[in-house]
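Going by my numbering, the sequence shown opens with residue 234, and the numbers climb by one from there.
Glycine is no exception: its CB is placed at the ideal position from the N, C-alpha and C atoms.
To start, the structure itself, in structure tokens.
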Amino acid sequence: MIVLVGFMGAGKTTVGRILARRLGVPFRDSDVVIEQRAGRPIRQIFAEEGEPAFRDLEHKVIADLLDGTDSVLALGGGAVQRADTRDLLKDVPVAYLRISYAEAMRRVGGDQGRPMLVRPDVAQLHAERDLVYAEAATVTVDAGTSPPEAIARDILTLL
Ligand code: S3P
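Shown next as structure tokens:
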């Protein structure tokens, strides 16, 4: 099991797919499973039920995915916000794909499908989470400049 964390736009899905192929295990994405379970897109869950309800669902989905078959698992950018969700990651190899705020905005800025991106305090969110991701992670890799293949290779070398 390898878990990928990082801010929106860090490339968790792209790098995760490469890692999964190399390791011969399935790729899983907590956001995709959340949408399947809720039967609605994330944007709609936020709009109808609010962030706390989304985080509850996210916590349950991550707990189930970590309990399931071996995989490379990409987590939504806010999955490390809650201490009880971070606790789930204690004994698992976690890679933090680090990108700057400017790079994140360049890649995904304004994406209406990502409700946390359109908040006024998104820069502060990035700064706060940087510390939390680093603390939750076993390894931190620079995901801002290298191609995804090189990032995947770095992770496999470091873990
Ligand atoms: C979120 C990031 C999203 C998704 C949801 C909330 C966040 O995932 O889980 O919109 O709080 O940063 P990505 O990081 O895959 O965009």
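* To do: Entirely within the segment 284-357 and at least 3 residues each: give me those beta strand (DSSP E) ranges in chain order.
  => 305-307, 327-331
* Contacts around T246, its chain only, beta-carbon distance under 7 Å, and the 5 residues preceding and following it disregarded -> D262, A307
* Nearest residue (CA-CA) to L299, options E284, R276, P326, F287 -> Of the listed residues, the one whose Cα sits closest to L299 is P326.
* **8 Å Cβ cutoff met for R319 and A360** => no
* To do: Pair every Cβ in the segment 270-286 with every Cβ in the segment 362-380, then say whether three or more of these pairs are closer than 8 Å.
  => no
* Can we say the segment 301-315 touches the segment 247-258, given the rule of at least three CB pairs closer than 8 Å? -> Taking 8 Å as the limit for Cβ pairs, the verdict is that the segment 247-258 does touch the segment 301-315.
* T390, enclosing alpha helix (DSSP H) - first and last residue -> Its alpha helix (DSSP H) spans residues 381-391.
* Asked: Ordered along the chain, which non-local residues of its own chain (more than five positions away) have a Cβ less than 8 Å from that of G239?
  -> The residues are K245, G310, Y329, L330, R331, I332, Y366, A376.
* Three-state secondary structure (DSSP) at V372? -> strand
* Asked: In its own chain, which residues sit with a C-beta less than 7 Å from the C-beta of L256, not counting the 5 before and 5 after it?
  -> V305
* Asked: Are there 16 or more other CB atoms within 10 angstroms of the CB of G272, so buried, or fewer, so exposed?
  -> So G272 ends up on the exposed side.
* To do: Name the two residues that bound the continuous beta strand (DSSP E) containing A238.
  => Checking the sequence shown, residue 238 turns out to be Val, not Ala. First-last of the beta strand (DSSP E) with V238: 235-238.
* Among the residues of its own chain, which have a CB less than 7 Å from the CB of V258, if the five just before and after it don't count? -> D303, S304, V305
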